[in-house]
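Chains as they are written, first to last, in this note's numbering: chain A, 1 to 328; chain B, 1001 to 1328; chain C, 2001 to 2328; chain D, 3001 to 3328.
Since the structure comes first, as structure tokens, the remarks are kept for the end.
4 protein chains.
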Amino acid sequence: MHDIALIGAGRIGKIHAANIAANPRLRLSRVVDPFADAAAALAAEHGATVSSVEEALADPAIRGVVVASSTDTHLDYSLAAAEAGKAVFCEKPLDQDLARASKAAERLEAIGAKLFLAFNRRFDPNFASLQARLAGGEVGTLETLHIISHDPSPPPIEYVRVSGGIFKDMVIHDFDMARWLLGEEVTEVFASSSVLIDPAIGEAGDADTAKTILRTASGRLCVISSSRRSGYGYDQRIEAFGSKGMIRAQNQLESTVETWGENGSAGDKLQNFFLDRYAVAYAREAAHFADVIDGKAAPLIGYTDGVRALALAEAAAKSAASGELVRL
Amino acid sequence: MHDIALIGAGRIGKIHAANIAANPRLRLSRVVDPFADAAAALAAEHGATVSSVEEALADPAIRGVVVASSTDTHLDYSLAAAEAGKAVFCEKPLDQDLARASKAAERLEAIGAKLFLAFNRRFDPNFASLQARLAGGEVGTLETLHIISHDPSPPPIEYVRVSGGIFKDMVIHDFDMARWLLGEEVTEVFASSSVLIDPAIGEAGDADTAKTILRTASGRLCVISSSRRSGYGYDQRIEAFGSKGMIRAQNQLESTVETWGENGSAGDKLQNFFLDRYAVAYAREAAHFADVIDGKAAPLIGYTDGVRALALAEAAAKSAASGELVRL
Amino acid sequence: MHDIALIGAGRIGKIHAANIAANPRLRLSRVVDPFADAAAALAAEHGATVSSVEEALADPAIRGVVVASSTDTHLDYSLAAAEAGKAVFCEKPLDQDLARASKAAERLEAIGAKLFLAFNRRFDPNFASLQARLAGGEVGTLETLHIISHDPSPPPIEYVRVSGGIFKDMVIHDFDMARWLLGEEVTEVFASSSVLIDPAIGEAGDADTAKTILRTASGRLCVISSSRRSGYGYDQRIEAFGSKGMIRAQNQLESTVETWGENGSAGDKLQNFFLDRYAVAYAREAAHFADVIDGKAAPLIGYTDGVRALALAEAAAKSAASGELVRL
Amino acid sequence: MHDIALIGAGRIGKIHAANIAANPRLRLSRVVDPFADAAAALAAEHGATVSSVEEALADPAIRGVVVASSTDTHLDYSLAAAEAGKAVFCEKPLDQDLARASKAAERLEAIGAKLFLAFNRRFDPNFASLQARLAGGEVGTLETLHIISHDPSPPPIEYVRVSGGIFKDMVIHDFDMARWLLGEEVTEVFASSSVLIDPAIGEAGDADTAKTILRTASGRLCVISSSRRSGYGYDQRIEAFGSKGMIRAQNQLESTVETWGENGSAGDKLQNFFLDRYAVAYAREAAHFADVIDGKAAPLIGYTDGVRALALAEAAAKSAASGELVRL
């Protein structure tokens, strides 16, 4: 049973807290949050104590630190925790600044940090099964990839302003997924983005809709479709085209119920709230972190992956702004 | 190129005429119908001549006769055509009277008649594929069978009155299908029927809804679900449960188009008109008849099959009326 | 927070223990089991104490008792708990003996027992949604119903011998489901059963495959398809045919992943283990029990439902044995 | 009944001949082909006469000319037929040279030609239904579009060499489809193409795999996925994303049969041969041509559409070669 400190008692922090509490190999011991009430409530729910970051990192019983604080603090807390010899579970993204993140990666490398960067979608049973089948050669050699990732509705405009832009904030998930599935590094990025949903997003200097093409050295191609608002829920699909066939992961529905009438059939809604859609993925992240602490597994996703996904996001943003292909 | 005479220029006769005309091995030569205008129009459309039954049967060029006249004349025309040495393509059912049909079967046997009884559903590509897979052992040994056959809407009450009842008129298709797929003769029949759709059907002495259980000597079980009006179109499905799995034939839709919105997905309608739904089956019947004339195939369905399906229909009607299991 | 005593620390007892522990309104306080080790382990896992039935019922803090012991003790423990003034959560079935169960129901009625009989499938989100839509008139008036309930593989033959037979042990779930959905009491039962899977089941005096037709006073019909071994997993489907359409609940798959190749597509397996397939249903049962204790809800399923489902099971067994329709 | 001359008795010519023959408003009168045997056989099959182009165009009875000859002759025959006052049904593409096609379009405009350019996919019932629903606002305003068009297997390398390249030969269908569905002209094209299937295709100066992004003035985006060999058949799908939902047309399967076993379900193959997959579309083209001759309809697709699709194909080829966005 490893003692864990959680930094960040917000929406995603609560999810991680619950999954740590439910995991038989982990115990939530300390909760850190600048909002004392939030920290106290979450600590009480799971029998943990409220703590400062310093106390948590100084406590030799703490084996792992979950960084689920605001994005701009991910890197500092992760570095501090790693310097203190803790295993680190860092919420995505590692950072929004490529230069900063690259420099931090050098330091993390130097100190041999055990850092797990939590891109939740790799832990989704559907996408994980797709990856395993692809890697197992079920459809021959991968040639191209389609990733659809459309949100149910846009975030508040205040969030959009500080989000880092659609590529760093939202498509970053898909850049990581693409890297995982393509099996080769991306060498070229082209993106075209539009403001089709809300002019306020455009006024904030961002786009709400985008299509991105990634290309690898051997010529594999990946298309990512991004939308801040789908009109039909949380569309999360992948199709992988290989030399001998195609594997796809479809959406999860709220139920298997269908109604058939004179005009045809009606199926149920997509599972729309991301915390529901990826509930299993979040629980598997906690289990993976336990493996990392135990030394049973290296982090499936590390800081280098975070840096590379960020580099793709920057390249895509640059391409969308300039209309030019960006070579990496 | 075999010359064919068609008796009956009504709705189903027109279908057979078109399929004969389109088949490179058959030529529609003579059309017979008590309604002279109908006969003339259909003959003109396909370059055939209007004829009497006698002329058609006396013509040595005529190799095959398609009997698509009213049900009560099926048996007499089929017998006459067989006596004249013609191959016979007889629309279902052979007859509505079991004793009469049995007696006719003896005569057909005695004269070595080549009679193809056209239960169209055996020629549907979906059901034919299901049968082939089942016979090929794709799911091990067949154990049980579910047949769903629900019509879009009930026939006119005038038709119901002379139809012979739901079991002889409608479920007869499914009795033939069950016999084909079960691979063993049925030994017990239980049926429960209701009037749920239109009281007028009950007043006419018939039911509009039924569930029937068939059982074979080895204990295989088949359920047939029957409805004169489904409320969602022409539901034609089969599920076959074997020792190693299940094979099913689903419904055909009007298109593959789906609309997804906030409340879920909407698929297209079932293909509802039976002449559309079974268009391919009817064309395949004509091709099979050409094979029968050529001696390349024995009739896939013969008069004996007609008699046995009729026996099941009578048993089911008796069971539904009495509430008792009928043993054959 | 209501204190709960659990009688039975076996497979299903563990599920209920976990769901009680996870429910914010319930606390698992006492665990009873004749196997001291099992009781101790389960109690330790959830911070409860090992207890005798007597102690548990004598404890005024205990508000509810979950009876998850062996089937032959369900009735006695439920009665004792009810007599002690506790709300009762009784695993299905209430009992295997109709006379005994009926007599007990009279006593439960007399003392105003709050007894929730846990037929888990009513709490499955798919079936619950189907029921709600049906009750809401989404497809008009219900006419007929198809319930498919095929197990992945048969239980050990030792279990079969004491199971009470396929109808009381397995189909009882479907009788309850049928009663819930039909909206009318069943007046006639016909069943046909076979031994197709394992002769040993036949030698034990039981069948492994059955088709049952239920009929209500107004002529609604229900078919139940039962198999102890499907060959393709845990098949749990319902189709409800109404005057204006059809509602169906399909199976749950292990993932949404499909592979497409030259020979067509391959979809994932059915969710086969019943504790996985009905995991959400079990959690909802605990929440419903909390509502019952709080007086916010009457038991969705009570002892009367248990008696009636048992009566249908007895009627079906009698029909299958005699080949006769059984009128209730 | 309009007399039609057909130029070209090859594979696609035979399809058009059969559909003209089957259409009650059209009669196949003359067949032209440099291969005398091919012309004679096709003419004989449909009761037409073998003819030269000059004879056909000089015959005042001929109302329409179907140009189904080799691609490099499409434009000349179409112009000649139009000059002779005939309605023209021209197989796609209009030509492979943009300058030539543009110049011809001016002449066709000047003489008021009735030219129907037969991009068959617009007549597919699935895609036509998708277009109608989209135009009807079923999912609000269109935002983005995904077109997947993967062939079962590459054409012979000899064909590849003279094909004009993947964009003009294959993706041209999708450029037309995109234009039809986008509802706005395309202003920017970016394409990335690879040789992943057969190095010989690369040696012939062509690519076998491509992803193309189209953009309109208002920012609508379209992705086209192209492959000469899918490994799983003829994949022909479209997804249209609107402000209120998504409409998609799925693939057509060979049958509705599924087999379920221990490892999951197996569905049937895609309908792989393009003449089968688009059989209905080709028949509808003939009917549309009859409408055009009758003056009941303007050509759904005209020479201008042909020129614009060709312009997109040239732009895509240029973009793929240069790595640069091409603005139109």
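Just so you know, even glycine gets a beta-carbon here, dropped at the ideal spot from N, CA and C.
Predicted model only: the values in this text are computed from it and were never measured.
Is there a C-beta anywhere in chain E that falls below 8 Å from the one on residue i?
| i | result |
| --- | --- |
| residue 232/A | Of the protein chains in this structure, namely A, B, C and D, none is chain E. |
Between residue i and chain B, is any beta-carbon pair separated by less than 8 Å?
| i | result |
| --- | --- |
| residue 2215/C | yes |
| residue 97/A | no |
| residue 2328/C | no |
| residue 3120/D | no |
Any beta-carbon of chain D closer than 8 Å to the one on residue i?
| i | result |
| --- | --- |
| residue 192/A | yes |
| residue 2265/C | yes |
| residue 2269/C | yes |
| residue 318/A | no |
| residue 1248/B | yes |
Please report how far the alpha carbon of residue i lies from the alpha carbon of residue j, in whole angstroms.
| i | j | result |
| --- | --- | --- |
| residue 3123/D | residue 3277/D | 12 Å |
| residue 2310/C | residue 1241/B | 27 Å |
| residue 1321/B | residue 1221/B | 21 Å |
| residue 1011/B | residue 1279/B | 13 Å |
| residue 2096/C | residue 2156/C | 19 Å |
| residue 3314/D | residue 3106/D | 19 Å |
| residue 1318/B | residue 1051/B | 41 Å |
| residue 3308/D | residue 2272/C | 54 Å |
| residue 3163/D | residue 3068/D | 16 Å |
| residue 3252/D | residue 2291/C | 49 Å |
| residue 262/A | residue 1235/B | 11 Å |
| residue 1120/B | residue 1274/B | 10 Å |
| residue 3091/D | residue 1033/B | 44 Å |
| residue 3294/D | residue 1037/B | 30 Å |
| residue 195/A | residue 323/A | 15 Å |
| residue 1202/B | residue 268/A | 37 Å |
For chain A, find out if any of its Cβ atoms is closer than 8 Å to the Cβ of residue i; answer yes or no.
| i | result |
| --- | --- |
| residue 3324/D | yes |
| residue 2260/C | yes |
| residue 3085/D | no |
| residue 3225/D | yes |
| residue 3143/D | yes |
With a cut-off of 8 Å on the beta carbons, I'd call residue i and residue j a contact; round off their distance for me.
| i | j | result |
| --- | --- | --- |
| residue 302/A | residue 130/A | That pair is no contact at about 21 Å. |
| residue 260/A | residue 2245/C | 5 Å |
| residue 227/A | residue 209/A | 5 Å |
| residue 231/A | residue 1266/B | So it is not a contact: roughly 14 Å between Cβ atoms. |
Should residue i be flagged as near chain C, meaning a C-beta pair shorter than 8 Å?
| i | result |
| --- | --- |
| residue 1134/B | no |
| residue 1243/B | yes |
| residue 130/A | yes |
| residue 255/A | yes |
| residue 107/A | no |
| residue 1139/B | yes |
What are the residues that DSSP puts in a beta bridge with residue i?
| i | result |
| --- | --- |
| residue 2005/C | 2030/C, 2065/C |
| residue 1260/B | 1265/B, 3246/D |
| residue 3237/D | 3148/D |
| residue 2332/C | Residue 2332/C is absent from the structure shown; chain C starts at 2001 and stops at 2328. |
| residue 253/A | 270/A |
| residue 3192/D | 3211/D |
| residue 3175/D | Paired residues: none, contrary to the question. |
For the ligand ATP, is there any heavy atom lying closer than 7 Å to the beta carbon of residue i?
| i | result |
| --- | --- |
| residue 3212/D | Among the components modelled here there is no ligand, and therefore nothing to report on the ligand ATP. |
(message) So within the region 3199-3233 of chain D, which uninterrupted alpha helix (DSSP H) runs reach at least 4 residues, ignoring any that extend past its ends?
(response) Whole alpha helix (DSSP H) segments, 4+ residues: 3199-3203.
(request) Would you mind listing the alpha helix (DSSP H) stretches within the region 69-110 of chain A that are 4+ residues and don't spill past its ends, in chain order? (result) Counting only runs of 4 or more, we get 74-83, 98-110.
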